[in-house]
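Novice: Below is one structure. I have some questions about it.
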Amino acid sequence: MPLQRNIIPCVVFTTGVTMLWAPTDYAARAQCPGDLSGNGVVDGADLGVLLTAWGTAGGPADVTGDGVVDGADLGLLLVKWGPCTSVPTWATLIEAAPDPAVITNPALRDAITATGRAWRVMDSATQIEMLLIPPGTYEMGCSASNTFACATIEVPVHTVTLTEPLYLGRYEVTQAQWTAQMGSNPSFFQASSAQVPASDVPSRPVDSVSWNAVQGFLAQSGFRLPTEAEWEFAARAGTTTAFHDFVGAPSGTNDDALVSSIAWSYEGSCAGGAQCQTRPVGRKHPNGFGLHDMSGNVTEWVSDWYGNNTYSSATTTDPQGPSTGVFRVLRGGGWGSNSGACRSSNRGLATPTFSNFDAGFRVARRP
């Protein structure tokens, strides 16, 4: 369960998106040997504690646990020098700090680092790679493109605050990952093609899964679906435009002609006489959080029920959506969608039993 804490605003983007993080959570620092002062960073304060205890038997300064405070403890402290990062018990660390080559926006990097949690991890049981999405405040709703206006279900634009970080799948769940958990593959696109060799088929996103079917995967793996508000915040990655940022458009774009840079949509997946189809995950440019295929490839189920007046009456802090409904929400557009459906604010809806060959999902988990 996430720890409760008081949230304070810290970084404000020029786009109007505010990132939030919490004061130091000492319990989460238990995996940071060398943080003797408990301030969330291994620094001079910790060096002072260690030197004061030099030569004594055991105690908190005995970071190696060998029974004496000596050079071995000093060596470990120096290796751990700098900000601490906490790795979830269910995960294996891949990369502690956000990679500037991937997270190019320094404000996003700062917000991720300030959570005190590792940026890039692997779920140990499923081998699903996940990236940390920090808390924040943003404007949720209508972002029209140059070609497509917003639908009525995308308004009014409203301010949403997410108070807790989460880990989100870097990629959509693949056919191989689904099959490993569930024992069979429901996907329509299981065959190779001129564009997707047989060796790459397992890396296609799983498709033809209903919202109800996804619940079985989640129950077995310990994941959950992101809420609709979490999904849009993660997809935007600090942008307010119709389409998220990528190399060549660092602030995002409203230009539909550029969507093929980030999405396998109808215009791209069917181009040049190619078979209209899903493609292996991660082959398009990621967004500012390092997430791939947030637009296109498969449309992604989120956890929320759809409500007719959800946006006008929405809870603005950690919204979960209506408690009941007829339809569940889908986000991001798929391989058969036009660019309008790939906009960050676009919403789809279907019954929980609905499945077709462009419906899939990505997973989320609390730290």
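All letters in the sequence shown, in the order written, are residues 784 to 1150 by my numbering.
Glycine included, each C-beta is placed from N, C-alpha and C at the ideal position.
Here the structure is a predicted model, which is why all the values come from computation and not from measurement.
1. Checking the sheet assignment: what are the DSSP bridge partners for Thr942?
2. Helix, strand or coil for Tyr1049 per DSSP?
3. Can you tell me whether Gly1119 is helix, strand or coil according to DSSP?
4. Have a look at Arg953, Gln1060, Gly1090 and flag the residue whose alpha-carbon is nearest the alpha-carbon of Pro1009.
5. Assign Val997 to one of three DSSP states: helix, strand, or coil.
6. On the CB-based measure, 16 or more other CB atoms within 10 Å of its CB, does Pro1150 come out buried or exposed?
7. Who are the near neighbours of Phe1029 in its chain, counting only those whose CB is closer than 6 Å to its CB and skipping five residues on each side?
8. Would DSSP call Pro1069 helix, strand or coil?
9. Is it buried or exposed for Ala813, if we count other Cβ within 10 angstroms and need 16 for buried?
10. Go ahead and pull the three-state DSSP assignment for Val825.
11. Excluding the five sequence neighbours on either side, which residues of its own chain have a C-beta within less than 8 Å of the C-beta of Ala1020, listed in chain order?
12. Quick one: what's Glu912 bridged to in DSSP?
13. Can you give the Cα-Cα distance for Ser1034 and Thr1023, rounded to whole angstroms?
14. Strictly by DSSP, which residues pair up with Val1112?
15. Along the alpha helix (DSSP H) that carries Glu878, what are the first and last residues, could you check?
16. I'd like to confirm the pairing. Which residues does DSSP put opposite Leu949 in its beta bridges?
17. With a threshold of 16 other CB atoms inside 10 Å of the CB of Ser726, please say whether the residue is buried or exposed.
18. Three-state secondary structure (DSSP) at Ser976?
19. When we look at the beta-carbon of Ser1127 and count the other beta-carbons within 10 Å, is it buried (16 or more) or exposed?
20. Pull up the distance between the alpha-carbon of Val852 and that of Pro871, whole angstroms please.
21. Tell me the rounded alpha-carbon separation between Ala810 and Leu859.
22. Could you check whether the region 926-945 touches the region 894-913, counting it as contact only if at least three pairs of C-beta atoms, one from each stretch, sit closer than 8 Å?
23. Thinking C-beta only, is Phe1144 closer than 7 Å to Trp1084?
24. Distance, Cα to Cα, Phe1006 vs Phe1140?
25. Would you tell me roughly how many angstroms separate the C-alpha atoms of Phe931 and Cys1053, rounded to the nearest one?
26. Given this structure, state the Cα-to-Cα distance separating Ala1040 from Ala880, to the nearest angstrom.
27. What's the call for Ser970, buried or exposed, on a 16-neighbour Cβ count within 10 Å?
28. Hey, out of Tyr1089, Gln960, Arg1066, Gln973, whose CA is closest to Phe1000's CA?
29. Once you ignore the five residues that flank Asn968 on each side, which residues in its own chain have a CB closer than 6 Å to its CB?
Specialist: Let me lay it out:
1. By one-based count along the sequence shown, residue 942 stands at place 159. In DSSP, Thr942 forms a bridge with Glu922.
2. Here the question's residue 1049 lines up with position 266 in the sequence shown. Residue state, collapsed to three classes: helix.
3. Indexing the sequence shown from 1 puts residue 1119 at position 336. Gly1119: coil per DSSP, three-state reduction.
4. Sequence index remark: in the sequence shown, residue 1009 carries index 226 (1-based). Ranking Arg953, Gln1060, Gly1090 by Cα distance to Pro1009 puts Arg953 first.
5. In the sequence shown, residue 997 corresponds to position 214, counting from 1. Helix at Val997.
6. Residue mapping note: residue 1150 aligns to position 367 of the sequence shown, counting from 1. Buried.
7. The sequence position of residue 1029 within the sequence shown is 246, counting from 1. These residues qualify, in order along the chain: Ser1044, Ile1045, His1068.
8. Within the sequence shown, numbered from 1, the residue matching residue 1069 stands at position 286. It is coil, neither helix nor strand.
9. As a first step, residue 813 is located in the sequence shown; it is residue number 30 there, counting from the start. Low local confidence applies: a pLDDT of 46 at Ala813 is under 50, so the model's placement there is unreliable, with the coordinate-based value given in what follows. Result: exposed.
10. Numbered from 1 along the sequence shown, position 42 holds the residue referred to as residue 825. Strand at Val825.
11. For the purposes of this step, residue 1020 is taken as the residue at position 237 of the sequence shown. Hits under 8 Å: Asn888, Leu891, His1027, Asp1028, Asn1070, Gly1071, Phe1072, Leu1074.
12. As a working note, residue 912 is residue 129 in the sequence shown. Answer by DSSP bridge pairing, in chain order: Met905.
13. In the sequence shown, the residue the question calls residue 1034 occupies position 251. In the sequence shown, the residue the question calls residue 1023 occupies position 240. Approximately 8 Å, taken between the alpha carbons.
14. By 1-based counting over the sequence shown, the position of residue 1112 is 329. Answer is Leu1132, bridged to Val1112.
15. Your numbering for residue 878 matches position 95 in the sequence shown. Premise fails: Glu878 lies in the beta strand (DSSP E), 874-878, not in any alpha helix (DSSP H).
16. Along the sequence shown, one-based indexing puts residue 949 at 166. DSSP, once it has assigned bridges, lists Ile916 as partnering Leu949.
17. Because the chain here runs from 784 to 1150, residue 726 falls outside it and cannot be looked at.
18. By 1-based counting over the sequence shown, the position of residue 976 is 193. Correct three-state label for Ser976: coil.
19. By 1-based counting over the sequence shown, the position of residue 1127 is 344. By the neighbour-count rule (16 or more Cβ atoms within 10 Å), Ser1127 is buried.
20. Taking the first residue of the sequence shown as 1, we reach residue 852 at position 69. Taking the first residue of the sequence shown as 1, we reach residue 871 at position 88. Each residue's Cα considered, the two are about 28 Å apart.
21. Translated into positions along the sequence shown, residue 810 becomes position 27. Translated into positions along the sequence shown, residue 859 becomes position 76. Since pLDDT at Ala810 reaches only 36, below the 50 mark, its modelled position is unreliable, and the value read off the structure follows with that caveat. Using only the alpha carbons, I get a separation of about 20 Å.
22. no
23. Residue mapping note: residue 1084 aligns to position 301 of the sequence shown, counting from 1. Residue mapping note: residue 1144 aligns to position 361 of the sequence shown, counting from 1. In this structure, Phe1144 lies closer than 7 Å to Trp1084 by Cβ.
24. The count along the sequence shown starts at 1 and reaches residue 1006 at position 223. The count along the sequence shown starts at 1 and reaches residue 1140 at position 357. Spanning the two alpha carbons is a distance of roughly 23 Å.
25. For this step, residue 931 is matched to residue 148 along the sequence shown. For this step, residue 1053 is matched to residue 270 along the sequence shown. Each residue's Cα considered, the two are about 20 Å apart.
26. Counting from one through the sequence shown, the residue named residue 1040 turns up at place 257. Counting from one through the sequence shown, the residue named residue 880 turns up at place 97. Rounded to the nearest angstrom, the two C-alpha atoms are 34 Å apart.
27. On the sequence shown, position 187 is the one that residue 970 refers to. Result: buried.
28. By one-based count along the sequence shown, residue 1000 stands at place 217. The residue with the shortest Cα to Cα distance from Phe1000 is Gln960.
29. Numbered from 1 along the sequence shown, position 185 holds the residue referred to as residue 968. Closer than 6 Å at Cβ, skipping near neighbours: Gln958, Thr962.
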